[in-house]
Amino acid sequence: MPFNTALTRALGIKIPVVQGGMQWVGYAEMAAAVSNAGGLGLLTALTQPTPEDLRKEIRRCKTMTSKPFGVNLTLLPAMVPPDYPAYARVIIEEGIKIVETAGNSPGPVIKQLKAANIIILHKCTTIRHAQSAVKLGVDFLSIDGFECAGHVGESDITNFILLSKARQTLKVPFIASGGFADGQGLAAALALGAEGINMGTRFMATVEAPIHQNIKQAIVDADEHDTELVLRKWRNTSRLFSNKVAKEAVRIEKADTTGDFGKSGIGAVVSGKRGREVFINGDKDYGVWTAGQVIGLINDVPTCEALLTRIEKEAVETLSKASALYAPESKL
Ligand SMILES: Cc1cc2nc3c(=O)[nH]c(=O)nc-3n(C[C@H](O)[C@H](O)[C@H](O)COP(=O)(O)O)c2cc1C
Numbered sequence: 053m054p055f056n057t058a059l060t061r062a063l064g065i066k067i068p069v070v071q072g073g074m075q076w077v078g079y080a081e082m083a084a085a086v087s088n089a090g091g092l093g094l095l096t097a098l099t100q101p102t103p104e105d106l107r108k109e110i111r112r113c114k115t116m117t118s119k120p121f122g123v124n125l126t127l128l129p130a131m132v133p134p135d136y137p138a139y140a141r142v143i144i145e146e147g148i149k150i151v152e153t154a155g156n157s158p159g160p161v162i163k164q165l166k167a168a169n170i171i172i173l174h175k176c177t178t179i180r181h182a183q184s185a186v187k188l189g190v191d192f193l194s195i196d197g198f199e200c201a202g203h204v205g206e207s208d209i210t211n212f213i214l215l216s217k218a219r220q221t222l223k224v225p226f227i228a229s230g231g232f233a234d235g236q237g238l239a240a241a242l243a244l245g246a247e248g249i250n251m252g253t254r255f256m257a258t259v260e261a262p263i264h265q266n267i268k269q270a271i272v273d274a275d276e277h278d279t280e281l282v283l284r285k286w287r288n289t290s291r292l293f294s295n296k297v298a299k300e301a302v303r304i305e306k307a308d309t310t311g312d313f314g315k316s317g318i319g320a321v322v323s324g325k326r327g328r329e330v331f332i333n334g335d336k337d338y339g340v341w342t343a344g345q346v347i348g349l350i351n352d353v354p355t356c357e358a359l360l361t362r363i364e365k366e367a368v369e370t371l372s373k374a375s376a377l378y379a380p381e382s383k384l
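Per the working numbering, residue 53 is the first one in the sequence shown, and the count goes up by one each step.
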C-alpha cells in the first residue's frame, strides 16, 4: 500500500522523503537518484556558478530521470548576492514544478515562483519564520530542527518541540527536516503531524552522492557528537562536521574579542571553497563541511533505491506495530 500524504499527492512521489538542497552535493546525479527511487530529489541552484549553468544542470537531470525533481534556492546574506531573480527565471523557463526555498527575505523570489504556479516548500528553523512564509503563500513548510546540518538558526529548538508546535499552529502542511535517517524516523514524523521528511546528511552517504568515498566513510565512522556549531557570534550559526578546521573555527570564535567578523580571521577558516575541495579530494580535514547530528545514525552507504525501499519498509512496519499497541477493550 503506497503512502498517501499531502506531500506524496502534491508532488506525485511514492515515498514522502525529500532530499534537501546541499551545496556542492546537489548535482543531477544526486537528485535523479533520489527521484528515481521514489522520493523527491533537488538540485542545488547555487552549486551552479551562473543561472545558465543551472539551466544546463536541469537539462542534464531530465536526461537521468523522468520522475519529478525540484530545485533548492537558498537566500543567504552575502556581500555580493547571487542574481536570485535570474536563477528563479531559469527554474521557471525550464518547467520545474517544485522549489525548496531557504534563507532570508525570500518574499520576492517566492512571489516570482508562485506567479508561475510552482509548488514551494519553504525551509525554516522557527515557527515565526514559518508563519511569515505562510503569509507569502508557500505550499509546504519544511521545519528544520536544531539537529539539522548547516544553518540551524539562533533559537536551538529541536524537532520534538518544533514539529508539534507546527502541528498546533500552522495552517499549511509541513514536513520534518533534520535528524532523519530511517523509517522509524519517518513514522515518528508522520505521528507528530508531518506529511513527510527532508534529509540531507543521510543522502551524502549513498552510492550516487557525487562526493569522495572517504567523506562517505567519515560519515559512517562518526557518531552523534561529531558536529560543531560555529558563527553563533555573528548570528549565522552553522552545524559542521567536527574536523580539525571546524575545531579551529570554534577556537578562533571563542578567542575573538572584537566581535568583528573581518578582524576575527574566521572567514578564511570557514571558507566554502575549501569545503568544496573536501568533497573532491576526500581529505576530511581540508576545510569545513556541513553535517547533522544524524551522522550518529548512519552505518552504511547504500544506493538511494535501497535506502528509500528500506525506509518505506521500516516506516510501514513501525506504523503497524504502533497501531497494534492499542487494543480496544472488547478485543482483549
Ligand atoms: C553538505 C550539506 C550542504 C547543505 N547545503 C544546503 C544549502 O545550500 N541550502 C539549504 O537550504 N540547505 C542546505 N543543507 C541542509 C539540508 O538541505 C537539510 O535541510 C539538512 O541536511 C537536514 O538535516 P539532516 O542533515 O539532519 O538531514 C545542506 C546540508 C548538507 C549536509
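Beta carbons are placed, not taken as given, at the ideal position from N, Cα and C, and that holds for glycine. None of these values were measured; they are calculated from a predicted model.
Is any heavy atom of ligand 1 found at a distance shorter than 6 Å from the C-beta of residue i?
{"i": "residue 24", "result": "Residue 24 cannot be examined here, being either before or after the span of the chain that is shown, 53 to 384."}
{"i": "residue 228", "result": "no"}
{"i": "residue 177", "result": "no"}
{"i": "residue 352", "result": "no"}
{"i": "residue 356", "result": "no"}
{"i": "residue 279", "result": "no"}
{"i": "residue 200", "result": "yes"}
{"i": "residue 337", "result": "no"}
{"i": "residue 208", "result": "no"}
{"i": "residue 126", "result": "yes"}
{"i": "residue 122", "result": "no"}
{"i": "residue 236", "result": "no"}
{"i": "residue 74", "result": "yes"}
{"i": "residue 344", "result": "yes"}
{"i": "residue 196", "result": "yes"}
{"i": "residue 251", "result": "yes"}
{"i": "residue 77", "result": "yes"}
{"i": "residue 96", "result": "yes"}
{"i": "residue 248", "result": "no"}
{"i": "residue 154", "result": "yes"}
{"i": "residue 231", "result": "yes"}
From this set, the options, which residue's C-alpha is nearest residue i's C-alpha?
{"i": "residue 320", "options": "348, 283 and 336", "result": "283"}
{"i": "residue 129", "options": "154, 120 and 138", "result": "154"}
{"i": "residue 297", "options": "339, 279, 256 and 277", "result": "339"}
{"i": "residue 146", "options": "109, 240 and 119", "result": "109"}
{"i": "residue 210", "options": "225, 251 and 230", "result": "230"}
{"i": "residue 245", "options": "262, 261, 251 and 224", "result": "224"}
{"i": "residue 117", "options": "208, 132 and 65", "result": "65"}
{"i": "residue 274", "options": "374, 351 and 104", "result": "351"}
{"i": "residue 213", "options": "302, 241, 134 and 366", "result": "241"}
Write down the C-beta distance between residue i and residue j rounded to the nearest angstrom, noting that I regard them as a contact closer than 8 Å.
{"i": "residue 94", "j": "residue 73", "result": "5 Å"}
{"i": "residue 267", "j": "residue 324", "result": "Not quite, the Cβ-Cβ distance comes to about 15 Å (not below 8 Å), so this is no contact."}
{"i": "residue 218", "j": "residue 195", "result": "5 Å"}
{"i": "residue 347", "j": "residue 271", "result": "5 Å"}
{"i": "residue 106", "j": "residue 142", "result": "5 Å"}
{"i": "residue 79", "j": "residue 99", "result": "7 Å"}
Please report the straight-line C-alpha distance between residue i and residue j, rounded to a whole angstrom.
{"i": "residue 92", "j": "residue 363", "result": "14 Å"}
{"i": "residue 86", "j": "residue 121", "result": "9 Å"}
{"i": "residue 237", "j": "residue 149", "result": "27 Å"}
{"i": "residue 369", "j": "residue 89", "result": "19 Å"}
{"i": "residue 190", "j": "residue 55", "result": "23 Å"}
{"i": "residue 235", "j": "residue 315", "result": "46 Å"}
{"i": "residue 304", "j": "residue 379", "result": "57 Å"}
{"i": "residue 277", "j": "residue 81", "result": "30 Å"}
{"i": "residue 251", "j": "residue 68", "result": "11 Å"}
{"i": "residue 111", "j": "residue 233", "result": "29 Å"}
{"i": "residue 61", "j": "residue 381", "result": "35 Å"}
{"i": "residue 327", "j": "residue 208", "result": "24 Å"}
{"i": "residue 157", "j": "residue 184", "result": "10 Å"}
{"i": "residue 247", "j": "residue 227", "result": "5 Å"}
Indicate whether residue i and residue j have their beta-carbon atoms separated by less than 7 Å.
{"i": "residue 173", "j": "residue 192", "result": "yes"}
{"i": "residue 341", "j": "residue 330", "result": "yes"}
{"i": "residue 204", "j": "residue 287", "result": "no"}
{"i": "residue 97", "j": "residue 127", "result": "no"}
{"i": "residue 182", "j": "residue 176", "result": "yes"}
{"i": "residue 239", "j": "residue 371", "result": "yes"}
{"i": "residue 199", "j": "residue 344", "result": "yes"}
{"i": "residue 428", "j": "residue 77", "result": "Residue 428 lies beyond the range of the chain shown here (53 to 384); nothing can be said about it."}
{"i": "residue 356", "j": "residue 253", "result": "no"}
{"i": "residue 221", "j": "residue 179", "result": "yes"}
{"i": "residue 294", "j": "residue 309", "result": "no"}
{"i": "residue 206", "j": "residue 102", "result": "no"}
{"i": "residue 83", "j": "residue 113", "result": "yes"}
Are any of the Cβ atoms in chain D nearer than 7 Å to that of residue i?
{"i": "residue 339", "result": "Given the protein chain composition of this structure (a single chain), no chain D is represented."}
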